[in-house]
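**Q** Structure below; questions to follow.
Residue numbers (our numbering): 1 to 81.
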């Protein structure tokens, strides 16, 4: 993780569960301790999930490609500001 954020100077985390206490928080902690960077978090926002077709659920919870691309562009804009 440190090598990657050292190269990119930013990060986007994507996880198929709640963002609270997840991978994004862990990466944020490491970055804050060693090299503060802009980070965008993609995951469910403190809500209970439901059953359904995987592609529909990814879209419903903002975990599909358009949301990831949007987050990447957003973090790059913050990085270059």
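Built from N, CA and C at the ideal position, the CB exists for glycine as well.
(1) According to DSSP, simplified to helix, strand and coil, what is residue 13?
(2) Residue ranges of each alpha helix (DSSP H) run of no fewer than 4 residues wholly in the region 23–71, ordered along the chain?
(3) Report yes or no: do three or more beta-carbon pairs, one from the region 45–63 and one from the region 15–23, lie closer than 8 Å?
(4) CB residue 44 to CB residue 19, shorter than 8 Å?
(5) If we count the other Cβ atoms within 10 Å of its Cβ and call it buried at 16 or more, is residue 50 buried or exposed?
(6) Measuring only from the beta carbon, is residue 77 closer than 7 Å to any heavy atom that is part of the ligand NAP?
(7) Report the rounded CA-to-CA distance for residue 10 versus residue 55, giving the unit in angstroms.
(8) Whole-angstrom Cβ separation of residue 78 and residue 36, contact assumed at under 8 Å?
**A** Put simply:
(1) Taking the first residue of the chain shown as 1, we reach residue 13 at position 13. Note: residue 13 maps to strand in three-state DSSP.
(2) 23–34 and 54–60
(3) yes
(4) For the purposes of this step, residue 44 is identified with residue 44 of the chain shown, where counting begins at 1. For the purposes of this step, residue 19 is identified with residue 19 of the chain shown, where counting begins at 1. Yes, the Cβ-Cβ distance between residue 44 and residue 19 is below 8 Å.
(5) Walking along the chain shown from the start, residue 50 turns up at place 50. Flag for residue 50 reads exposed.
(6) The ligand NAP is not part of this structure, which contains no ligands at all.
(7) Here residue 10 refers to the residue found at position 10 when the chain shown is read from its first residue. Here residue 55 refers to the residue found at position 55 when the chain shown is read from its first residue. If you take the alpha carbons of residue 10 and residue 55, they lie about 27 Å apart.
(8) Numbered from 1 along the chain shown, position 78 holds the residue referred to as residue 78. Numbered from 1 along the chain shown, position 36 holds the residue referred to as residue 36. Actually they do not touch by this definition, with Cβ atoms about 12 Å apart.
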